[in-house]
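As structure tokens, the structure follows; a few thoughts come after it.
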Amino acid sequence: SLTPVMKEILTVCRENFAAVGVITNGGVDSQRGKLESLGVERWVRPELVFISDALGVMKPDEEIFRLAQRAAGARAEDCIYVGDSISQDVTPALRCGWHSIWLCRRGENRARMGIAFIHRFVRKNYDVISDQQPQRLPL
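Quick note: to get our numbering, add 1204 to the position in the sequence shown (first position is 1).
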């Protein structure tokens, strides 16, 4: 199930951005089932769900990120990717010129990374805490 923090992030993104999408690796039926059980249709339009098996390309390949960007009609600098994997989510999004936020929930060593990570999420200020200093999301 989606955590309260993830629901809040999705709500803020949906209220403040033109498009919210999902990029996921896996089989079409299993991933659609997961997304349906999570209720993401509340925040994400079906045409902005990108499932690797349906596309023949998977994260960390940057092409799946570019497909999502084109479908959203967005510029790279206007895209923000929130993911829980440095190698599968954060790094390829950064390589595409997107902003990237690491949803750090597995106890990984944040000190070694020079990227933003979600330590606390304050809806009023949209704060993201990084290793160096607080950053404000461009909302």
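Every residue, glycine too, gets a C-beta built ideally from N, C-alpha and C.
Could you give the C-beta distance for residue i and residue j, rounded to a whole number, given that I count them as a contact under 8 Å?
| i | j | result |
| --- | --- | --- |
| valine 1244 | valine 1226 | 6 Å |
| leucine 1239 | valine 1253 | 7 Å |
Going straight from the alpha carbon of residue i to that of residue j, what length do you get?
| i | j | result |
| --- | --- | --- |
| alanine 1175 | cysteine 1300 | Residue 1175 cannot be examined here, being either before or after the span of the chain that is shown, 1205 to 1343. |
| alanine 1275 | phenylalanine 1269 | 10 Å |
| arginine 1327 | tryptophan 1302 | No answer about arginine 1327 holds up, because its pLDDT of 40 lies below 50 and its placement is not dependable. |
| arginine 1249 | valine 1224 | 7 Å |
| cysteine 1217 | isoleucine 1284 | 9 Å |
| glutamine 1292 | glycine 1260 | 16 Å |
| glutamine 1235 | threonine 1207 | 18 Å |
| glycine 1277 | leucine 1214 | 19 Å |
| methionine 1262 | isoleucine 1305 | 19 Å |
| glutamate 1251 | threonine 1228 | 13 Å |
| arginine 1279 | glycine 1230 | 26 Å |
| glutamate 1266 | leucine 1298 | 10 Å |
| serine 1205 | tryptophan 1247 | 15 Å |
| glutamate 1281 | alanine 1222 | 14 Å |
Can you list, in chain order, the residues of its chain with a C-beta nearer than 7 Å to that of residue i? Leave out the 5 residues immediately preceding and following it.
| i | result |
| --- | --- |
| valine 1232 | Ile1255, Asp1257, Ala1258 |
| leucine 1307 | Val1286, Gly1287, Asp1288, Ile1322 |
| proline 1264 | Ser1291, Gln1292, Thr1295, Pro1296 |
| glycine 1237 | none |
Does any residue of chain B bring its CB to less than 7 Å from the CB of residue i?
| i | result |
| --- | --- |
| glutamine 1273 | In the structure shown, chain B cannot be found, because there is only a single protein chain. |
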